[in-house]
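Reading through the structure tokens given below for one structure.
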Amino acid sequence: MSLRSSHTQYERFIFLGIGGIGMSALARYLAIKGKAVLGYDRTASDITHDLRNTGAEIVHHAEPNLAWFDSRFSQNTLIVWTPAVAQTDAWMIIAKSSGIKMMKRAELLGMISAESQNVLAIAGTHGKTTTSAILAHLLVDSGKKGIGFLGGIAQNYQSNLILSPSFASELADGANPDFCVVEADEFDRSFLWIHPQWACITSVDPDHLDIYQDKETFVAAFSLFAQTVDQSKLLVAEGLDFAGVSVGFSDQAQIRAEQVQVIEGVYHFNLRFDDELWTGLTGPLPGRHNLVNVMMAVSMARGYGLTQNEVALSLANFRGIQRRFNRYTLSDHRVLIDDYAHHPTELKALLQGVKEFYANQPHVLLFQPHLFSRTRDFADDFAQVFNEFDRVILMPIYPARELPISGVDSAWLATKCDPQKVRYFQKAQAIEEFIGTPQNANQEPDSPWVFIVAGAGDIGLEVKDLIKKLS
């Protein structure tokens with residue numbers, strides 16, 4: 000997809016769904032650039048609160064009126080929308096009738112990233128946010144002038160927009176970034192708006208079949224994305240069928256991890272390139288899938304010009320991303336893990352990390368399925384991975400942008416699983432069952448347990464309260 004116009008002609012931006020993780024990063028960036036930022040979102044959140052502190056005007060009422068748009072209309076106003084806001088939403092209907100220019104979030108991200116001389120794009124069904132956050136941190140922490148647009152909150156920056164404070168003032172004065180790290184999202188083929196100089200593909204597991212219909216069409220979209228970058232600057236997870244530089248663990252991988260060890264809860268490894276060996280690197284997040292994400296980020300940072308010492312120092316102080324295997328100590332023998340996993344492959348990787356770092360400890364998963372279509376399309380895969388957990392408690396499906404699908408709900412999903420392991424409850428009871436799992440299993444009050452919370456909906460909002468109740 001070509002970028003036929005520029006966003007720079009606009010001085011006022013109205014975001015529909017401004018509280019979304021991808022939308023809010025763009026809104027933050029434009030606010031720093033001195034643009035007027037306005038927006039609508041159904042619910043208030045920490046994200047919308049922080050945006051207000053940047054000067055953004057945000058409304059939450061469900062019934063808009065044309066006067067709100069009319070009072071803010073000018074020739075240099077742009078409405079930015081996301082597919083997460085339904086076409087039938089009252090705000091979307093009013094926006095379409097306002098006469099104001101409208102643009103999808105993905106197209107705007109493509110335009111903004113194109114202002115940089117070096118676009119580094121992270122694609123893949125899984126691992127985009129983690130890899131992007133690590134890469135952007137490596138570059139910014141090493142003193143490079145650029146930005147990272149993330150699909151999660153980086154703990155080092157408490158933001159989904161990564162940049163150094165000193166560079167923020169330069170952006171406000173009109174400077175363009177030397178680099179731009181972006182998540183190349185496959186949903187709705189959004190990544191085809193990105194035109195990177197470097198890219199990686201972390202994984203290709205079919206998803207969003209409401210958009211793509213079948214696996215072949217899904218993979219074909221990734222093939223189109225892969226063709227947007229030179230093969231020598233495209234990193235591909237080992238086993239994927241794309242022309243590029245392979246990254247993995249086997250001797251056949253062109254970039255590979257060696258001497259991988261877990262020491263005091265942290266991966267330690269060496270990374271071998273064709274002509275060089277980088278030693279003494281650390282992987283701050285549990286799970287082999289996360290180690291692949293680290294390898295991708297390190298390799299791209301090396302390609303950009305960072306030294307081994309710069310990378311090692313910055314990796315060591317990377318503090319992770321919110322809801323990506325976040326660990327909370329409840330007692331000497333108990334831990335709660337909060338994760339964004341919402342696809343069967345992600346849940347399998349999450350379980351692998353739990354078993355590797357908490358071997359022989361019983362565990363229970365509280366899971367909120369995300370989207371009716373995903374639950375329907377991957378029901379058998381969900382059931383298979385759920386049966387590998389010790390215990391699973393299912394909550395009702397989080398609908399996000401979707402309307403219910405007849406016959407598809409969490410109770411139906413539970414019928415496909417081992418009834419001794421997997422049970423479904425309404426939200427309040429599910430939480431109580433989760434908290435009471437050790438008691439229900441006739442365990443001692445402080446017996447070892449790993450409590451796991453996962454899902455891409457609003458389940459993350461319950462974590463603080465769960466920690467209090469479980470501690």
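The numbering of the sequence shown is our numbering, which starts it at 0 and goes up by one.
Virtual Cβ for every residue (Gly too), placed ideally from N, Cα, C.
Bridge partner(s) assigned by DSSP for residue i
i: Met-101; result: Ile-78
i: Cys-199; result: Ile-121 and Leu-234
i: Phe-268; result: Leu-280
i: Arg-507; result: Nothing about residue 507 can be read from this structure; the chain reaches only from 0 to 470.
i: Val-218; result: DSSP output for Val-218 lists no bridge partner at all.
i: Asn-325; result: Asp-337
i: Cys-416; result: In DSSP, Cys-416 forms no bridge with anything.
i: Asp-182; result: According to the sequence displayed, residue 182 carries Glu and not Asp. According to DSSP, which records beta bridges pairwise, Glu-182 is partnered with Ile-121.
i: Glu-275; result: Phe-272
i: Val-421; result: Val-391
i: Tyr-397; result: His-369
Closest by C-alpha distance to residue i, when choosing among the options
i: Pro-82; options: Thr-53, Ile-20, Thr-436 and Thr-129; result: Ile-20
i: Thr-278; options: Val-291, Val-310, Met-295 and Ala-300; result: Val-310
i: Val-244; options: Gln-438, Phe-217 and Asp-273; result: Asp-273
i: Pro-447; options: Phe-190, His-362 and Val-235; result: His-362
i: Ile-254; options: Ile-262, Val-261, Glu-263 and Ala-236; result: Ala-236
i: Phe-186; options: Pro-176, His-207, Asp-177 and Trp-192; result: His-207
i: Ile-13; options: Ile-99, Ile-31 and Ile-92; result: Ile-99
i: Ile-210; options: Gln-419, Glu-431, Arg-373 and Ala-167; result: Arg-373
i: Gly-123; options: Ile-262, Tyr-423 and Pro-205; result: Pro-205
i: Ile-193; options: Ala-113, Gly-406, Leu-305 and Phe-221; result: Ala-113
i: Ile-111; options: Ala-174, Gly-302 and Tyr-423; result: Ala-174
i: Phe-248; options: Met-294, Ala-413 and Asp-213; result: Met-294
i: Gln-351; options: Arg-333, Leu-170, Tyr-266 and Glu-387; result: Glu-387
i: Ile-46; options: Gly-54, Ala-132, Asn-155 and Gly-18; result: Gly-18
i: Ala-429; options: Pro-398, Asp-457, Gln-367 and Asp-331; result: Gln-367
i: Pro-195; options: Ala-358, Phe-224, Glu-169 and Ala-66; result: Phe-224
i: Ala-61; options: Thr-87, Asn-359 and Phe-317; result: Thr-87
i: Ser-202; options: Asp-213, Val-218, Leu-191 and Asp-331; result: Val-218
i: Ile-92; options: Ala-135, Pro-63 and Glu-106; result: Pro-63
i: Phe-377; options: Val-407, Gln-307 and Leu-364; result: Val-407
i: Leu-137; options: Gln-425, Phe-221, Met-299 and Phe-190; result: Met-299
i: Tyr-303; options: Ile-434, Leu-29 and Ala-135; result: Ala-135
i: Ala-43; options: Arg-188, Asp-464 and Val-58; result: Val-58
First through last residue of the alpha helix (DSSP H) which encompasses residue i
i: Ala-24; result: 20 to 31
i: Thr-227; result: No alpha helix (DSSP H) holds Thr-227; DSSP gives it neither H nor E.
i: Thr-130; result: 127 to 140
i: Ala-66; result: 65 to 69
i: Ser-158; result: No alpha helix (DSSP H) contains Ser-158, which is instead part of the beta strand (DSSP E) from 158 to 161.
i: Tyr-303; result: 287 to 303
i: Ile-458; result: Careful: Ile-458 lies outside any alpha helix (DSSP H) and carries neither H nor E.
i: Val-310; result: 307 to 315
i: Ser-96; result: 89 to 96
Check whether residue i and residue j have beta carbons under 8 Å apart
i: Thr-129; j: Leu-284; result: yes
i: Val-118; j: Met-102; result: no
i: Ile-152; j: Ile-320; result: yes
i: Phe-268; j: Gly-286; result: no
i: Val-228; j: Gly-126; result: no
i: Phe-371; j: Glu-345; result: no
i: Arg-384; j: Ile-451; result: Checking the displayed sequence, the identity of residue 384 turns out to be Val instead of Arg. Going by C-beta atoms, Val-384 is not nearer than 8 Å to Ile-451.
i: Leu-233; j: Val-181; result: no
i: Gly-454; j: His-369; result: yes
i: Ser-115; j: Gly-147; result: no
i: Ser-23; j: Asn-155; result: no
i: Ser-409; j: Met-394; result: yes
i: Lys-121; j: Val-139; result: According to the sequence displayed, residue 121 carries Ile and not Lys. Not a contact, by the Cβ cut-off of 8 Å.
i: Asp-338; j: Leu-329; result: no
i: Thr-53; j: Tyr-9; result: no
i: Leu-305; j: Ser-141; result: yes
i: Ala-149; j: Ile-31; result: Here the sequence assigns Leu to residue 149, which means Ala is not the residue at that position. For Leu-149 and Ile-31, no; Cβs fall outside 8 Å.
i: Val-421; j: Ala-413; result: yes
i: Phe-241; j: Ile-200; result: yes
Chain C within 8 Å of residue i, Cβ atoms only
i: Glu-345; result: No chain C appears in this structure, which consists of one protein chain only.
Residue range of the beta strand (DSSP E) that includes residue i
i: Gln-258; result: 254 to 262
i: Ala-453; result: 448 to 453
i: Ala-153; result: 145 to 153
i: Ala-167; result: Where Ala-167 is concerned, there is no enclosing beta strand (DSSP E), although the alpha helix (DSSP H) it sits in stretches over 164 to 171.
i: Ile-57; result: 56 to 58
i: Ser-245; result: 244 to 247
Please give the ranges of any beta strand (DSSP E) in the segment 352 to 395, keeping only runs that are unbroken, at least 3 residues long and fully inside the region. 362 to 366 and 390 to 393
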